[in-house]
RNA sequence: GCCGGAGUGGCGAAACGGCAGACGCAAGCGACUUAAAAUCGCUCGGGUGAAAGCUCAUGCGGGUUCGAGUCCCGCCUCCGGCACCA
């Protein structure tokens, strides 16, 4: 072994060995338990920084750890390589994305290689390649066949900067998630996936995902936003139409004093009276012009206009006015509400502004008086601001058959009443909208649809896939799909009748590409199908998925949707794609996320050059709890480099490693100091194993450091040539192997270890060696530590308490008196209560 | 407003209801060296004390318990998600 630790010499050597021997290439193996670990595949932007390294180091550690534990481990890598960033960069630099993308991939692959990441590269996929997106198009057709892909004209989100439509999920606070531009609404005919059909299952199955962070499950629950209530029909005076209303508080129907329609509601034009027509139309025009941001900023001030029409309350026959207001959303519920200003703050504000009647129908329990007994407490139909709004629980008043009923029962009772009289029914509503997948941009998978004058919209048949994305395209965005300009692409024969027809020219949202890639990894070379179900069923669900929390809704919800659709179609068995999810924190520099544009990156190449990959890897594991953000520290990384140098020196002077947990001698043959060292070894095995299992990598590294410190002290006293030291050294390397794989491999092979260290079994805890011989029992008086005493590990309660009572300190506190009570925690603590 | 998560030394952080601050960074002192680097050793939450020790201390206020950073109740602050969703 070299006398100095030289990572630049040893790391490339072992990387080559792992790579050349295809050490981590795997096949299905029914005899072994499988473990599918996956890190979210990256967008190939070019250069990796330490934020990425944290992510991939965790993935690599899991793969190596589970392999040593005897699992058949699938750890693949691929490239999420369609999408806007490549296109924007290409426009800026004048390099075509089809050239730039493979270059970037090659660069990132090289950096992963140099960091010692191991993947089954035989399974590499890239979503921009035709042999991948052929199957993305197949997925579209599957959706289409099952009635889950459809085209409709709708008011959609449009990013004026990126010049394309966006999914709801890609609009954050009224701004484009990618570029921050203010999103506007446009009426366009677009393709959607009917994810709302799966809303219930996507919500309910979140309960099964116990291996997911609570935070992510909550975010998905909020996003799906299920509420339950009722739909009710309100007849319109002088018209046959009835207005359907959705409400979560059907029990307050007796307090409804007007109806409100969203500006987009189709009945607005039908029911509006001649006198009000002009006012209503100009209001609607105004409302449509407002962006989401404007609507948010005017949150307090509600606006609306009277339609001139009247409706009848189905429960009590009351006649009341119908208004139009944009505080009611056209896209939620039925786009129409019953306004109950006595029980809803928004309706109350609106009623006050426009002088509409307010009536109390719910009263707080304690204040209940029989309706009519005291008009001051139970006001009947009053106008003005003196009738307060009350939204809490209570008792129904002014509500006919519901009077006196507590609100805990009134909701169900009202629904029963509505259903019995045929005036309404129980209903559920969701915040989730269908997923808009069309994009008017170039760098994506073409939507496999042809429009024929005779046959209409025709899906491209499987044997004609892929619909290839042409490369000779002028793709500067102008609000229209760039593919429209390519005659040879647009003009295509109708697959059904053969007459000349036109192709769909929009491409798919890149989130479609990434919604199924984890399945392609199971069978990446299949030319007949997206994957062989038998192989997919062997590997899926993914046992451990790792990635950034920024995908909590978009990617993770879409993938779950795809998995359920594929399960329904019989392609997979699992209902959920990702069994356990880990969301790692960012690494920040100067308090901000590392990013090239901000210029605050620590490139992984620099770290490898200066300290080697193992130092970089170990440091990002040690930097803090892996699910929390952590600030980069140059000093910290130097400390970690010092540690690896210390490890190196522990092996100076012919230290021999053997098999991990065997020890040739009986326990009694070891000296006291040997036994102490071995105890530390086995306690460390136990702690590191436990900590890796529960993703506490920072404390796993600490534990290994402690072991190294203990070994150093032992070595200073007894030298390295003892069997106890050899066993300690062996286990130290094995524990370090998944985290710092190169140095572990180098020392292993230089110290007589057989084969690769990465093919050794993970060390087992020897309970006999781990067992303590003596314990330090803490002696408390009234819960405060006053003394400690060393006792044999198998000490009984009586001896321990006895020993405690002998303590001089305890005697001082007792002052001759008898203790009131004594608590004993076996082998740990005696608490004397005085 | 609703829903999650988090508040511990100078810093990153540890602690099955049982010795608060492991491990590391920074800092200080010392050894080695002509010197520096590297390496090694010691100190390192506050107050008090010569020391042993005593005492205060895990965002704030209560509570449960022999014993609370940890459990319960009520607050405060920060981070994240949702939000005119009827």
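Residue numbers (my numbering): 16 to 849.
We treat Cβ as the ideally placed atom computed from N, Cα and C, and that holds for glycine.
These figures come from a predicted structure and were not determined experimentally.
- Message: Taking the alpha carbon of residue 17 as the reference point, which residue from 764, 46, 405, 586 has its own alpha carbon closest?
- Response: 764
- Task: Locate the beta strand (DSSP E) running through residue 319, then write down its first and last residues.
- Result: 319–327
- Nearest to residue 37 (by Cα), restricted to the options 261, 89, 358, 331: 89
- Contact set for residue 132: own chain, Cβ-Cβ below 6 Å, skip 5 residues either direction: 71, 75
- Query: Which of helix, strand or coil does DSSP assign to residue 41?
  - Reply: coil
- Would the beta-carbon of residue 484 fall within 8 Å of that of residue 461? yes
- Query: Taking the alpha helix (DSSP H) that residue 539 falls in, what are its first and last residues?
  - Reply: Looking at the DSSP string, residue 539 is not in any alpha helix (DSSP H), and its letter there is neither H nor E.
- Query: Where does residue 19 land, buried or exposed, given buried means 16+ other C-beta within 10 angstroms?
  - Reply: exposed
- Task: Measure the beta-carbon distance from residue 252 to residue 369 and round it to whole angstroms, keeping in mind my assumption that it falls under 8 Å.
- Result: With a Cβ gap of about 19 Å, residue 252 and residue 369 do not count as contacting.
- Message: Buried or exposed for residue 303, going by 16 or more other Cβ atoms inside 10 Å?
- Response: exposed
- Should residue 152 be labelled buried (16 or more other beta-carbon atoms within 10 Å of its own) or exposed? buried
- Message: Restricting to Cα atoms, I'd like to know which of 534, 646, 652 is closest to residue 634.
- Response: 652
- Count the CB pairs spanning the stretch 442–452 and the stretch 237–245 that are closer than 8 Å, and state whether there are at least three. yes
- Compare the Cα-Cα distances from residue 831 to each of 821, 840, 838 and report the closest residue. 821
- Message: Using only the alpha-carbon positions, how far apart do residue 565 and residue 599 sit?
- Response: 10 Å
- Whose C-beta lies closer than 7 Å to the C-beta of residue 323 among residues of the same chain, with five residues either side of it excluded? 287, 288, 290, 291
- Task: Return the residue from the list 705, 361, 751 that minimises the CA-CA distance to residue 663.
- Result: 751
- Check residue 390 in the structure and name its three-state DSSP category. Unreliable positioning characterises residue 390 in this predicted model, as indicated by a pLDDT of 44, which lies under 50. A coordinate reading is not provided.
- Message: In whole angstroms, give me the CA-to-CA distance for residue 320 and residue 211.
- Response: 32 Å
- Message: Using 8 Å as the threshold, is the C-beta distance between residue 536 and residue 569 below it?
- Response: no
- Own chain residues within Cβ distance below 6 Å of residue 266, not counting five before or after: 425, 426, 429
- Message: Which of the three DSSP states is assigned to residue 200 in this structure?
- Response: strand
- On the DSSP bridge assignment, give the partners of residue 552 in chain order. Answer by DSSP bridge pairing: none, since residue 552 is not bridged.
- Query: Any idea which residues DSSP pairs residue 702 with across the strands?
  - Reply: Bridge partners of residue 702: none, in fact.
- Message: Considering only their Cβ atoms, is the gap separating residue 783 from residue 659 smaller than 8 Å?
- Response: no
- Check whether residue 578 and residue 590 have beta carbons under 8 Å apart: yes
- Given residue 529, which residues of its chain have a CB within under 6 Å of its CB, disregarding the five upstream and five downstream residues? 95, 570
- Tell me which same chain residues have a C-beta within less than 8 Å of the C-beta of residue 494, skipping the five on either side of it? 178, 455
- Does DSSP put residue 303 in a helix, in a strand, or in coil? helix
- Query: Does the separation of the CB atoms of residue 337 and residue 262 fall below 8 Å?
  - Reply: no
- Query: Should residue 269 and residue 176 be called a contact, given that it needs their Cβ atoms to be closer than 8 Å?
  - Reply: no
- Going by C-alpha distance, which of 701, 522, 189 is nearest residue 505? 522
- Give the secondary structure of residue 479 by DSSP, where H, G and I count as helix, E and B as strand, and everything else as coil. helix
- Task: Within 10 angstroms of the Cβ of residue 91, are there 16 or more other Cβ atoms? Answer buried if so, exposed if not.
- Result: buried
- Query: Where in the stretch 773–815 do unbroken runs of the alpha helix (DSSP H), each at least 4 residues long, occur, reported from the N-terminal end onward?
  - Reply: 782–785
- Message: Let me make sure I understand the geometry here. Which of 340, 549, 840, 753 has the alpha-carbon closest to that of residue 42?
- Response: 549
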